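J.:
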Amino acid sequence: MNIVLEKIKNTIKKEIEEFEKQFQNIIQDNDIPIIDKITHYIIHRKGKLIRPILIFLIAKMLGNIQKKTYHTACLIELIHIATLVHDDVIDNSFLRRGSFSINAIWKNKIAVLIGDYLLSKSLLIATNNNYYDLLKIICKTIKDMSEGELLQIEKSRKLNITEKIYNQIVYHKTASLIATSCEAGSRSVNTNEKTALKMRKFGIFTGIAFQIKDDLFDYEEKNEKLIGKPVGIDFREKKMTLPLIYTIQKASKKDQKCILNYIKNYDEKKRYKIINYVKKYGGLEYATQKMIKFRNNALKILEIYPEGTIKDALKTMVNFIIERNQ
Numbered sequence: 000m001n002i003v004l005e006k007i008k009n010t011i012k013k014e015i016e017e018f019e020k021q022f023q024n025i026i027q028d029n030d031i032p033i034i035d036k037i038t039h040y041i042i043h044r045k046g047k048l049i050r051p052i053l054i055f056l057i058a059k060m061l062g063n064i065q066k067k068t069y070h071t072a073c074l075i076e077l078i079h080i081a082t083l084v085h086d087d088v089i090d091n092s093f094l095r096r097g098s099f100s101i102n103a104i105w106k107n108k109i110a111v112l113i114g115d116y117l118l119s120k121s122l123l124i125a126t127n128n129n130y131y132d133l134l135k136i137i138c139k140t141i142k143d144m145s146e147g148e149l150l151q152i153e154k155s156r157k158l159n160i161t162e163k164i165y166n167q168i169v170y171h172k173t174a175s176l177i178a179t180s181c182e183a184g185s186r187s188v189n190t191n192e193k194t195a196l197k198m199r200k201f202g203i204f205t206g207i208a209f210q211i212k213d214d215l216f217d218y219e220e221k222n223e224k225l226i227g228k229p230v231g232i233d234f235r236e237k238k239m240t241l242p243l244i245y246t247i248q249k250a251s252k253k254d255q256k257c258i259l260n261y262i263k264n265y266d267e268k269k270r271y272k273i274i275n276y277v278k279k280y281g282g283l284e285y286a287t288q289k290m291i292k293f294r295n296n297a298l299k300i301l302e303i304y305p306e307g308t309i310k311d312a313l314k315t316m317v318n319f320i321i322e323r324n325q
């Protein structure tokens with residue numbers, strides 16, 4: 000585990016430990032052997048817990064951790080895992096977090112059903128505890144994420160994504176769940192509406208920066224095990240990420256034609272040719288500048304809150320998101 004992330008988690012160590020206990024109880028509360036087997040596999044290959052960490056840090060910065068805060072962290076993490084399971088089916092990806100994905104082991108049909116199962120578990124946490132404020136925002140978030148995925152699939156067929164459409168896709172697919180995590184963390188400690196929406200805005204900026212960083216991984220010579228997913232997957236799936244969008248916009252007509260041809264007829268050798276064009280036209284630098292801008296916008300929102308260990312950890316978390324190597 001990353002040293003920086005461990006330091007952040009140490010500021011909410013008690014909360015994270017309790018969250019992990021509750022999450023395990025929730026996810027494994029069933030009587031069906033195959034579900035038990037798969038959820039056991041999921042638990043022992045947990046991710047960085049970025050969304051639960053954001054929830055606890057924001058809740059602790061704004062108030063006192065409540066039972067609702069733990070429930071919020073559990074339901075958000077269930078949604079996150081469900082979307083990853085579905086994403087791997089959509090992308091036909093067999094690696095997740097450095098291990099085999101659910102669909103690689105149990106095939107697509109079971110993976111889709113497990114994703115649905117986890118989503119339903121998350122909604123039950125909200126309904127069983129009468130968290131109707133949370134239910135409204137998480138249902139909208141699930142809708143947003145689905146729309147983002149469908150928009151990306153539609154646009155990848157035509158390869159005509161502008162930066163404006165890219166931002167729309169990124170908000171729906173990635174930033175919306177991080178924004179909801181931040182807003183829900185605020186609402187879990189009964190803050191006012193203005194504060195909750197401010198935290199949502201903080202989450203939007205953080206989430207977009209997070210996705211741009213993910214986009215940049217496809218241009219680096221990283222070990223697949225370190226990243227936890229196959230390199231070059233965005234090119235293979237014809238996903239137009241920010242470095243590529245900027246490059247095509249700036250390239251000469253001749254180079255535009257070459258780049259689009261390489262994407263349409265993609266193989267591993269063409270990956271390096273695409274990367275060379277992106278480097279030639281400054282696509283990586285442009286995307287990095289945008290990522291830093293969103294990071295700075297997120298940090299600016301925190302300026303009005305009192306200094307302290309928790310706020311420092313939250314700021315470190317935002318920086319970690321754009322500096323991580325996986």
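Each step along the sequence shown adds one to the number in numbering that gives the first Met the number 0, with nothing skipped, and position 205 is 204. All residues carry an ideal CB built from backbone N, CA and C; glycine is no exception. Nothing here was measured: the structure is a model prediction, and the numbers come from that model.
#1: Could you give the first and the last residue of the continuous alpha helix (DSSP H) run that contains I247?
#2: For F93, which of helix, strand or coil comes out of DSSP?
#3: Rounding to the nearest angstrom, what Cα-Cα distance links L334 and I101 in this structure?
#4: As a quick exercise: from K45, N264 and N191, pick the residue whose alpha carbon is nearest that of F22.
#5: Leaving out five residues on either side along the sequence, give the residues of the same chain with a beta carbon under 8 Å from the beta carbon of I258.
#6: Mind checking which residues open and close the alpha helix (DSSP H) that includes A51?
#7: Considering P32, what are the terminal residues of the alpha helix (DSSP H) in which it resides?
#8: By the 10 Å Cβ neighbour count, where 16 or more other Cβ atoms means buried, how is N222 classified, buried or exposed?
#9: Would you mind giving the Cβ-Cβ distance between G147 and I177, rounded to the nearest angstrom? I have them listed as a contact below 8 Å.
#10: Report the three-state DSSP secondary structure of S119 (helix, strand or coil).
#11: Could you tell me how far apart the beta carbons of G184 and T308 are, in whole angstroms, since I believe they sit closer than 8 Å?
#12: Let me know the secondary structure DSSP gives S100 once reduced to three states.
#13: Hey, D233 and D217: beta-carbon distance below 9 Å or not?
#14: Of the choices T315, Q325 and I321, whose alpha-carbon is the least far from that of V3?
#15: So, helix, strand or coil for S155, using DSSP?
#16: Taking the continuous alpha helix (DSSP H) assigned at D254, which residues delimit it?
#17: Using DSSP with H/G/I as helix, E/B as strand and the rest coil, what is R199?
#18: Taking the alpha carbon of F18 as the point to measure from, which residue in N296, E220 and K67 has its own alpha carbon closest?
#19: For the 8 Å Cβ check, are there 3 or more pairs between the stretch 104 to 111 and the stretch 127 to 135?
#20: Which residues bound the alpha helix (DSSP H) around K272?
#21: On a CA-only basis, which of R270, F201 and L241 is nearest R235? Give me that one, please.
#22: Buried or exposed: which applies to K120, given that a residue is buried once 16 or more other Cβ atoms fall within 10 Å of its Cβ?
#23: Less than 8 Å between the CB atoms is what I'm expecting for I321 and K212, so what's the real figure, rounded?
#24: Using the Cα positions of Y165 and Y265, report the straight-line distance between them to the nearest angstrom.
#25: Skipping 5 residues on each side, what residues in its chain have a beta carbon closer than 7 Å to that of Y261?
#26: Note down the Cα distance separating K289 from E219, rounded to an integer number of angstroms.
#27: When you compare only the Cα positions, how much space is there between I15 and D90?
#28: Let's test the definition: count the other Cβ atoms within 10 Å of the Cβ of P32 and tell me whether it reaches 16, buried, or not, exposed.
#29: Would you grab the beta carbon distance between L215 and A297 for me? Rounded to a whole angstrom, and I think it's under 8 Å.
#30: For T205, collect the residues of the same chain with a Cβ closer than 7 Å to its Cβ; drop the 5 residues on either side in sequence, then sort them by chain order.
T.: In terms of the structure at hand:
#1: Sequence index remark: in the sequence shown, residue 247 carries index 248 (1-based). L241 to K249 is the extent of the alpha helix (DSSP H) around I247.
#2: Taking the sequence shown and counting its residues from 1, one reaches residue 93 at position 94. Three-state DSSP puts F93 in coil, outside helix and strand.
#3: Nothing about residue 334 can be reported from this structure: the residues present for the chain run from 0 to 325 only.
#4: The residue you call residue 22 lines up with position 23 of the sequence shown. Nearest of K45, N264 and N191 to F22, Cα basis: K45.
#5: Start at 1 with the first residue of the sequence shown, and residue 258 comes out as number 259. Cβ within range, chain order: L243, T246, I247, A250, I273 and Y276.
#6: Within the sequence shown, the letter at position 52 stands for residue 51. For the record, residue 51 in the displayed sequence is Pro; it is not Ala. Note, P51: alpha helix (DSSP H), I49 to L61.
#7: Stepping through the sequence shown from its first residue, residue 32 is reached at position 33. Start and end: P32 to I42.
#8: Translated into the one-based positions of the sequence shown, residue 222 becomes position 223. Unreliable positioning characterises N222 in this predicted model, as indicated by a pLDDT of 48, which lies under 50. The coordinate reading is nonetheless provided below. Exposed is the call here.
#9: Taking the first residue of the sequence shown as position 1, residue 147 is located at position 148. Taking the first residue of the sequence shown as position 1, residue 177 is located at position 178. About 13 Å; that fails the 8 Å criterion.
#10: As a first step, residue 119 must be located in the sequence shown, where it is residue number 120. Correct three-state label for S119: helix.
#11: One-based indexing of the sequence shown puts residue 184 at position 185. One-based indexing of the sequence shown puts residue 308 at position 309. Not quite, the Cβ-Cβ distance comes to about 17 Å (not below 8 Å), so this is no contact.
#12: Taking the sequence shown and counting its residues from 1, one reaches residue 100 at position 101. It is coil, neither helix nor strand.
#13: Residue numbering aside, residue 233 sits at position 234 when the sequence shown is read from its first letter. Residue numbering aside, residue 217 sits at position 218 when the sequence shown is read from its first letter. The answer is yes: Cβ separation under 9 Å.
#14: Reading the sequence shown from its first residue, position 4 is the one you call residue 3. Checked all of T315, Q325 and I321; the closest Cα to V3 is T315.
#15: Taking the first residue of the sequence shown as position 1, residue 155 is located at position 156. Three-state result, S155: helix.
#16: Here the question's residue 254 lines up with position 255 in the sequence shown. From DSSP, the alpha helix (DSSP H) with D254 extends over K252 to K263.
#17: As a position in the sequence shown, residue 199 is number 200, starting the count at 1. DSSP places R199 within a helical segment (H, G or I) once states are collapsed to three.
#18: Indexing the sequence shown from 1 puts residue 18 at position 19. Comparing Cα positions, the closest option is K67.
#19: No contact exists between the stretch 104 to 111 and the stretch 127 to 135.
#20: In the sequence shown, the residue the question calls residue 272 occupies position 273. Per DSSP, the continuous alpha helix (DSSP H) segment holding K272 begins and ends at E267 to K279.
#21: Looking up residue 235 in the sequence shown gives position 236. Of R270, F201 and L241, the residue nearest in Cα terms is R270.
#22: Against the sequence shown, residue 120 aligns to sequence position 121. Counting Cβ neighbours within 10 Å, K120 comes out buried, since at least 16 surround it.
#23: Within the sequence shown, numbered from 1, the residue matching residue 321 stands at position 322. Within the sequence shown, numbered from 1, the residue matching residue 212 stands at position 213. Yes, I321 and K212 are in contact; Cβ-Cβ is about 5 Å, under 8 Å.
#24: Looking up residue 165 in the sequence shown gives position 166. Looking up residue 265 in the sequence shown gives position 266. Cα atoms of Y165 and Y265: separation of roughly 21 Å, rounded to the nearest angstrom.
#25: One-based indexing of the sequence shown puts residue 261 at position 262. Contacts found: K269, K272 and I273.
#26: Residue mapping note: residue 289 aligns to position 290 of the sequence shown, counting from 1. Residue mapping note: residue 219 aligns to position 220 of the sequence shown, counting from 1. K289 and E219: Cα-Cα distance of roughly 18 Å.
#27: Locating residue 15 in the sequence shown gives position 16, counting from the first residue. Locating residue 90 in the sequence shown gives position 91, counting from the first residue. About 31 Å.
#28: Here residue 32 refers to the residue found at position 33 of the sequence shown. P32 is exposed by the Cβ-count criterion.
#29: Numbered from its first residue, the sequence shown carries residue 215 at position 216. Numbered from its first residue, the sequence shown carries residue 297 at position 298. Taking a contact as a CB-CB distance under 8 Å, the pair L215 and A297 does not count as one, their CB atoms being some 18 Å apart.
#30: On the sequence shown, residue 205 is found 206 positions in, with the first residue counted as 1. Setting aside the 5 residues that flank it on each side, T205 is surrounded in the same chain by I177, A297, V317 and I320, each with a C-beta closer than 7 Å to its C-beta; the list follows chain order.
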